[in-house]
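Heads up: the sequence shown is residues 4 to 249, going by the working numbering.
By construction, the Cβ of each residue, glycine as well, lies at the ideal position given by its N, Cα and C atoms.
The block underneath contains the structure these notes are about, expressed in structure tokens.
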Amino acid sequence: MANPLRLGVNIDHVATIRNARGGDHPDPVRAAEIVSRVGGDGITAHLREDRRHIRDGDLQRIMDATDLPLNLEMAATDEMLEIALRHEPHAACIVPEKREERTTEGGLDAAGQHNHLAPIVSRLSEAGIRVSLFIEPDPRQIEAAIQLKAPVVEFHTGRYAHHMLDGEDALATEELRRISDAAALAAKNGIEPHAGHGLTFDNVQPIAAIPQIAELNIGHYLVSEAIFIGLEESIRRMRALMDEAR
Ligand SMILES: CC(=O)[C@@H](O)[C@H](O)COP(=O)(O)O
Ligand SMILES: NCC(=O)COP(=O)(O)O
4 MANPLRLGVN
14 IDHVATIRNA
24 RGGDHPDPVR
34 AAEIVSRVGG
44 DGITAHLRED
54 RRHIRDGDLQ
64 RIMDATDLPL
74 NLEMAATDEM
84 LEIALRHEPH
94 AACIVPEKRE
104 ERTTEGGLDA
114 AGQHNHLAPI
124 VSRLSEAGIR
134 VSLFIEPDPR
144 QIEAAIQLKA
154 PVVEFHTGRY
164 AHHMLDGEDA
174 LATEELRRIS
184 DAAALAAKNG
194 IEPHAGHGLT
204 FDNVQPIAAI
214 PQIAELNIGH
224 YLVSEAIFIG
234 LEESIRRMRA
244 LMDEAR
């Protein structure tokens, strides 16, 4: 039997809705509690430099509210390193960040930033935080992850998701093959492959079927569907689709 596939639920966009009115509602902590209740395997939250969704105070409240592991997505900056070391989440996923972007547009250039990333990865690892690098499914970036001694990589599935959405089947298949090959290469080198970004009920199964992938992190779509079917049902359906694909 293939390895079980974990579902990390990204609750950023609960906070996006909260921040639209500046108050406390809806509270991402309540979302984290629901994730825990319906069998999600972890919480993912991205503390952006501009705090457009998750805020500093959310991190400790999320960690206090549930026993689920927190995967903190963070840019490779001194500020974020200090925050991660203070909170000591289960995992830290280093992501590229541009203030003007609407969402995380691509993977981290781990290959081009070795000297900048190396001390950050070391400090997080020394603190017992499991480091993940959010990268494109590219052998060059996997080689960089090996050099950096990152135990985990998360492949950015945004390109695949866009091709699926636009009905570009051949391009989607090609990107799926890149992700599948990259997962095999990472696993062969002792790195645990994860994947995420832009995954939906319609496109999740081919990614979930890649046997080496151990975890999917999914957020925007789950929160969007929650408006219509509730967060519990949204997570349950995603979980069922993932299990079926496996
Ligand atoms: C890194 C990543 O993919 C997630 O953090 C997710 O997309 C939600 O955050 P943004 O939409 O702010 O990028
Ligand atoms: N790292 C990807 C993630 O956490 C969720 O991305 P999305 O589902 O919000 O696009």
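In this structure, the CA atom of R24 is about 42 Å from the CA atom of A189. With contacts defined as CB atoms closer than 8 Å, L136 and A153 qualify as a contacting pair. For H200, the CB falls within less than 7 Å of some heavy atom of ligand 2. The C-beta of E129 has fewer than 16 other C-beta atoms within 10 Å across all chains shown, which makes the residue exposed.
In this structure, the straight-line span from the alpha carbon of M245 to that of E139 is close to 22 Å. The beta carbons of P92 and N74 sit closer together than 8 Å. Contact between L120 and A79 is confirmed by a C-beta separation of about 6 Å, below the 8 Å threshold. Taking a 10 Å sphere around the C-beta of E236, we find fewer than 16 other C-beta atoms and assign the residue as exposed. In the displayed model, A95 falls within a strand according to three-state DSSP. At a cut-off of 3 residues, the continuous stretches assigned as beta strand (DSSP E) that sit fully inside the stretch 181-220 are 195-199. I230 sits in a helix when the DSSP states are folded into three classes. Here H28 is exposed: its Cβ has fewer than 16 other Cβ atoms, across all protein chains shown, within 10 Å. Rounded to the nearest angstrom, the gap between the Cα atoms of P31 and I149 is 34 Å.
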